[in-house]
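Working notes for the structure below.
Number of protein chains: 2
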Amino acid sequence: MARPANVTTKAKTKPDMTGRDVKGEISAYKRRLILEEACHLFYAQGYEGTTLDAVAERLNVTKPFIYSYYRNKAEILREISERGIRLCLTAFDEVMTTDGPPLTRLKAMVDRVTTLILENQEYIAVYQREEMNLEPDTARAIRKLRKAFDTRLEKLLDEGVTCGAFDIEDTGFAAISISGLMSWTANWFQPGGRRSPSEVVVQTQKMVTHMVVTPKQETSR
Amino acid sequence: MARPANVTTKAKTKPDMTGRDVKGEISAYKRRLILEEACHLFYAQGYEGTTLDAVAERLNVTKPFIYSYYRNKAEILREISERGIRLCLTAFDEVMTTDGPPLTRLKAMVDRVTTLILENQEYIAVYQREEMNLEPDTARAIRKLRKAFDTRLEKLLDEGVTCGAFDIEDTGFAAISISGLMSWTANWFQPGGRRSPSEVVVQTQKMVTHMVVTPKQETSR
DNA sequence: TATTTTATATACTGGTGGGTAGCCATGCAA
DNA sequence: TTGCATGGCTACCCACCAGTATATAAAATA
C-alpha cells in the first residue's frame with residue numbers, strides 16, 4: 006500500500022541524534038528528482054499538458070512511485086512555486102543584511118536575484134504561468150510571498166528616495182516594475198541563445214539603475 | 006448536423022454588393038460573444054480548467070452551438086491570442102506613422118499600447134499564459150508577431166540612439182525590457198484596485214522614459 | 001399551407017489521466 | 001526459513017470533457 010506521503014516532514018525517525026538520517030536524505034533526494042523532472046516537463050508542455058505517467062516514465066519509475074512521495078499533482082506544483090519565490094526572497098534578504106548606500110544594495114540585489122532567476126528559470130516560469138492550478142489556499146500563500154518581495158523592494162527604494170539617491174515618483178510602482186523586469190527574463194531567456202546569463206544580468210542591472218537613479222547623480226557608465 | 010465552422014471567412018454569401026451582409030454580421034457577433042466569455046473564463050480559471058460546457062452555460066446556450074462557430078477549443082484560444090498581439094502591433098504601427106522626435110513617438114507608443122493592454126487585460130494575460138496550449142504552428146505564428154513588435158521597437162530605439170536622444174547600450178535588450186514592462190501590467194493590474202488605468206499608463210511612461218533617456222537631456226518632470 | 005433550410009438542442013461516445021487497491025520482490029531479524 | 005517491513009509495480013477504476021450523431025423547432029421559401 007502506498008504510504009501516506011508524510012515524507013514532507015523530514016527526519017521522521019526517532020531523534021537518534023548521533024547518526025545521520027540516511028533514510029530521510031534518500032527520501033528527500035527522490036523527492037528532488039521527481040520535482041526537477043516534473044518542473045522540466047511542466048515548463049515544456051504546461052502543467053495540465055503533463056501527465057504524471059510521463060514524469061514517471063522519464064524517471065524510469067511508475068506513477069505510484071510518485072504518489073508515495075507527493076500527495077497529488079498539485080502538491081508538486083506547490084513545491085515548484087514555493088521554491089521559485091522562496092529563493093528570490095531569501096536572496097533579497099541576504100543582500101539587505103549587507104550595508105552600503107541604497108544604490109549599491111539595489112544593484113547587488115538585482116545581480117543576485119536575476120542570476121537566481123536565470124539559474125532557476127524553469128521553476129520561475131512555471132510558477133508564474135501555472136499559479137491558477139494551485140489550490141486556492143496555496144495560491145494565496147504564494148501571492149503573499151510575492152507581495153512581500155515587492156514590499157521589501159519598495160522599502161529599499163523609499164530609503165534611496167529619502168537620502169536623495171533615487172528619483173522616483175511612485176516607489177510602489179517602481180518596485181512592481183523592477184521585480185517584473187527581473188521576472189520577465191524567465192519568460193524570454195533561452196539558454197544557449199544570443200545572450201549569456203551574465204550579459205542578461207548586467208543589462209538588467211543597467212536598466213534598473215536607469216529607472217531609479219537621479220540623472221545628475223548617475224555614477225559610472 | 007453541425008456545419009463546418011467556415012464562418013471565419015466572413016461574407017460567405019454571394020457577392021451581393023448592394024445590401025449589408027446581415028447574416029454575416031450576426032455570425033460575427035455571436036463569435037464575438039463566445040470569444041469574450043471564453044476569454045473571461047480562461048482568464049479566471051485557466052484554459053484547461055475551463056470546459057466548453059461552462060462557456061456555453063454562461064451564454065445560456067449549449068456546446069454544439071459553440072462548435073458551429075469554432076472548429077475546436079484551440080481555435081478559440083488562437084483567436085484570443087491573435088487579438089491580443091494584433092491589437093498591440095497595429096497600435097504601434099499607427100503611432101509610428103506620426104512624425105516627431107523618437108522620444109515623443111516612444112512616449113506616444115507607450116501610452117497607446119499600455120492603455121490597450123489594460124483595456125484588453127484578459128486577452129493579453131491569457132495569451133501570455135496559455136501560449137503552450139496553442140497548436141505548434143499557431144504558437145510559432147504568434148511568437149513571430151510578438152517578435153515583430155520587439156523588432157520594430159528596437160528600430161525606434163536605434164533611431165533615438167543615432168540622433169542622440171537615447172542613451173542605450175543594447176537596444177535589443179531595452180526593447181525586450183520595455184515591451185516586457187508593458188505586458189507585465191496585464192499580470193498584476195486589478196481593475197478597481199489602488200491604481201487607475203490612467204495612473205498605470207502615466208507611471209509606465211515615466212519608467213520607460215527613465216530607462217532610455219540620456220540623463221542631461223531629460224525634459225519635463 | 002407544404003417544403004426545404006437553418007439554427008440550436010439532446011444525448012451520446014471514446015479517450016484520457018488522476019488517483020488507488022492490492023500484489024510482489026528484496027532485505028533484515030529472530 | 002519464516003515473518004515482517006520496506007518500496008515499488010501491475011492493473012484497475014472512474015470522473016471528466018472534447019467532440020459528434022441525431023433530433024427538433026423555427027424560419028425561409030415556394
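Order-wise, the sequence lines are chains A and B. When the letters of the first sequence are read in order and numbered with our numbering, they come out as residues 6 to 226. When the letters of the second sequence are read in order and numbered with our numbering, they come out as residues 6 to 226. Cβ atoms here follow ideal geometry from the backbone N, Cα and C, with glycine treated the same way. Quick caveat, the model's predicted, so the values are computed rather than measured.
Q: Select from R199(A), K211(A) and I147(A) the residue whose C-alpha is nearest the C-alpha of R83(A).
A: Within the first sequence, residue 83(A) is the residue found at index 78, counting from 1. Among R199(A), K211(A) and I147(A), the Cα nearest to that of R83(A) belongs to I147(A).
Q. Helix, strand or coil: which one does DSSP assign to F171(A)?
A. Reading the first sequence from its first residue, position 166 is the one you call residue 171(A). Of the three classes helix, strand and coil, the one that applies to F171(A) here is strand, per DSSP.
Q.
For the region 136-156 of chain B against the region 192-200 of chain B, do three or more pairs of beta-carbon atoms, one drawn from each stretch, fall closer than 8 Å, so that the two count as touching?
A. no
Q | DSSP-derived helix/strand/coil call for E223(A) | A | Residue mapping note: residue 223(A) aligns to position 218 of the first sequence, counting from 1. Residue confidence for E223(A) is low, a pLDDT of 47 falling below 50, so the modelled location carries little weight and cannot support an answer.
(Q) Quick check: the Cα distance between K78(A) and A43(A), rounded to an integer number of angstroms? (A) As a working mapping, residue 78(A) is identified with position 73 in the first sequence. As a working mapping, residue 43(A) is identified with position 38 in the first sequence. Rounded to the nearest angstrom, the two C-alpha atoms are 9 Å apart.
Q. Per DSSP, V218(B) is paired with what?
A. Along the second sequence, one-based indexing puts residue 218(B) at 213. Here V218(B) is bridged, per DSSP, to F171(B).
Q: Find the residues of chain A that neighbour H4(B), judging by a C-beta separation of less than 7 Å, and give them in chain order.
A: An answer regarding residue 4(B) cannot be provided, because it is not within the stretch 6 to 226 covered by chain B.
Q | Contacts of I81(B) in chain A (Cβ-Cβ under 8 Å) | A | The residue you call residue 81(B) lines up with position 76 of the second sequence. Among the residues of chain A, none has a CB under 8 Å from the CB of I81(B); the nearest is roughly 16 Å distant.
Q: Please list, in chain order, all residues of the same chain as L162(B) whose beta carbon is under 7 Å from its beta carbon, the five residues on each side excluded.
A: Taking the second sequence and counting its residues from 1, the one referred to as residue 162(B) is at position 157. Result list for L162(B): F171, I173, T176, A179, A180 and V217, in chain order.
Q | Residue closest to M187(A), alpha-carbon to alpha-carbon, out of C168(A), T209(A) and E204(A) | A | Translated into positions along the first sequence, residue 187(A) becomes position 182. It is T209(A) whose Cα lies nearest to the Cα of M187(A).
Q. Mind checking if A43(A) is an interface residue toward chain B, Cβ cutoff 8 Å exclusive?
A. Counting from one through the first sequence, the residue named residue 43(A) turns up at place 38. No, its Cβ sits nowhere closer than 8 Å to a Cβ of chain B.
**Q.** Neighbourhood of E124(A) by C-beta, 7 Å cutoff - its chain only, sequence neighbours within 5 removed
**A.** Counted from its first residue, the first sequence places residue 124(A) at position 119. Contacts found: none.
Q. What does A61(A) reach in chain B if we use C-beta pairs closer than 9 Å?
A. Residue mapping note: residue 61(A) aligns to position 56 of the first sequence, counting from 1. Near A61(A) there are no residues of chain B at all, since even the closest Cβ is about 20 Å away, more than 9 Å.
Q. Looking only at C-alpha atoms, which of H215(B), R88(B), I183(B) and T102(B) sits nearest to E41(B)?
A. Stepping through the second sequence from its first residue, residue 41(B) is reached at position 36. For the residues H215(B), R88(B), I183(B) and T102(B), the minimum Cα distance to E41(B) belongs to R88(B).
Q: Could you list which residues in chain B have their beta carbon closer than 8 Å to that of Q50(A), in chain order?
A: Translated into the one-based positions of the first sequence, residue 50(A) becomes position 45. The answer, in chain order, is M137.
Q: Give the range of the alpha helix (DSSP H) segment to which Q126(B) is assigned.
A: To locate residue 126(B), count along the second sequence from 1; it is residue 121. Q126 to R134 is the span of the alpha helix (DSSP H), which, as asked, contains Q126(B).
Q) Can you list the beta strand (DSSP E) stretches of 3 or more residues lying completely in the region 30-61 of chain B, in chain order? A) If we require 3 residues or more, the region 30-61 of chain B turns out to have no beta strand (DSSP E) run fully inside it.
Q. Does the region 105-113 of chain B come close enough to the region 150-168 of chain B that 3 or more CB-CB pairs lie under 8 Å?
A. The answer is yes - the region 105-113 of chain B touches the region 150-168 of chain B, with three or more Cβ pairs under 8 Å.
Q.
Between L46(A) and V60(A), how many whole angstroms is the CB-CB distance? I'm expecting something under 8 Å.
A. Start at 1 with the first residue of the first sequence, and residue 46(A) comes out as number 41. Start at 1 with the first residue of the first sequence, and residue 60(A) comes out as number 55. At roughly 6 Å, the Cβ-Cβ gap stays under 8 Å, so L46(A) and V60(A) are in contact.
Q. Can you find a C-beta in chain A that's less than 8 Å from the C-beta of S225(B)?
A. Taking the second sequence and counting its residues from 1, the one referred to as residue 225(B) is at position 220. At S225(B), the pLDDT of 45 sits below 50, so the modelled position is not reliable and the matter cannot be decided from this model.
(Q) Given a cut-off of 8 Å on the beta-carbon distance, is the pair V206(A) and T95(A) in contact? (A) Translated into positions along the first sequence, residue 206(A) becomes position 201. Translated into positions along the first sequence, residue 95(A) becomes position 90. In this structure, T95(A) does not lie closer than 8 Å to V206(A) by Cβ.
(Q) Let me confirm a value: M22(B) is counted as buried when at least 16 other C-beta atoms fall within 10 Å, else exposed. Which label applies? (A) Taking the second sequence and counting its residues from 1, one reaches residue 22(B) at position 17. For M22(B), the predicted model reports a pLDDT of 48, less than 50, meaning its position is unreliable; a value from the coordinates is still stated below. By the 10 Å Cβ count, M22(B) comes out exposed.
Q) When we look at the beta-carbon of K211(B) and count the other beta-carbons within 10 Å, is it buried (16 or more) or exposed? A) Residue mapping note: residue 211(B) aligns to position 206 of the second sequence, counting from 1. With 16 or more Cβ atoms within 10 Å of its Cβ, K211(B) is classed as buried.
Q.
Let me see if you follow: with CB-CB separation under 8 Å, is D116(B) close to chain A or not?
A. The residue given as residue 116(B) occupies position 111 in the second sequence. So no, D116(B) is outside the interface.
Q) The alpha helix (DSSP H) spanning L92(B) covers which residue range? A) Taking the second sequence and counting its residues from 1, one reaches residue 92(B) at position 87. Its alpha helix (DSSP H) spans residues K78 to T102.
Q) Do G54(B) and W189(A) have their C-beta atoms closer together than 8 Å? A) Position 49 of the second sequence holds residue 54(B). Position 184 of the first sequence holds residue 189(A). No; because the gap between Cβ atoms is not below 8 Å, this pair is not in contact.
Q | Contact list for the region 124-136 of chain A against chain B, Cβ threshold 7 Å | A | Listed by position, the residues of the region 124-136 of chain A near chain B (Cβ gap below 7 Å) are R134.
Q: For my contact list, I90(B) and Y132(B) are in at a C-beta cut-off of 8 Å; report their separation, rounded to the angstrom.
A: Stepping through the second sequence from its first residue, residue 90(B) is reached at position 85. Stepping through the second sequence from its first residue, residue 132(B) is reached at position 127. That belief holds up - the Cβ atoms of I90(B) and Y132(B) are roughly 7 Å apart, short of 8 Å.
(Q) Is it buried or exposed, P106(A), if we count other Cβ atoms within 10 angstroms and call 16 or more buried? (A) Within the first sequence, residue 106(A) is the residue found at index 101, counting from 1. An exposed status is given to P106(A), since fewer than 16 other beta-carbon atoms sit within 10 Å of its beta-carbon.
Q: Using a cut-off of 7 Å between C-beta atoms, extract the partners of D175(B) located in chain A.
A: As a working note, residue 175(B) is residue 170 in the second sequence. Simply Q208.
(Q) So the candidates are Y74(B), D98(B) and R117(B); which of them puts its Cα closest to the Cα of S203(B)? (A) On the second sequence, residue 203(B) is found 198 positions in, with the first residue counted as 1. Checked all of Y74(B), D98(B) and R117(B); the closest Cα to S203(B) is R117(B).
Q: In the DSSP assignment, find the alpha helix (DSSP H) that holds G185(A) and state where it starts and stops.
A: Along the first sequence, one-based indexing puts residue 185(A) at 180. For G185(A), the uninterrupted alpha helix (DSSP H) segment begins and ends at T176 to W193.
(Q) 8 Å is my cut-off, CB to CB: does A179(B) come that close to chain A? (A) Walking along the second sequence from the start, residue 179(B) turns up at place 174. Yes - at least one Cβ of chain A is within 8 Å of the one on A179(B).
Q. What residues in its chain sit with their C-beta under 7 Å from that of D155(B), if we drop five residues either side in the sequence?
A. Within the second sequence, the letter at position 150 stands for residue 155(B). Taken in chain order, the residues that qualify are A180, I181 and S184.
Q) Out of curiosity, what's the CA-to-CA distance linking T214(A) and D104(B)? A) Translated into the one-based positions of the first sequence, residue 214(A) becomes position 209. Translated into the one-based positions of the second sequence, residue 104(B) becomes position 99. So the alpha carbons of these two residues sit roughly 30 Å apart.
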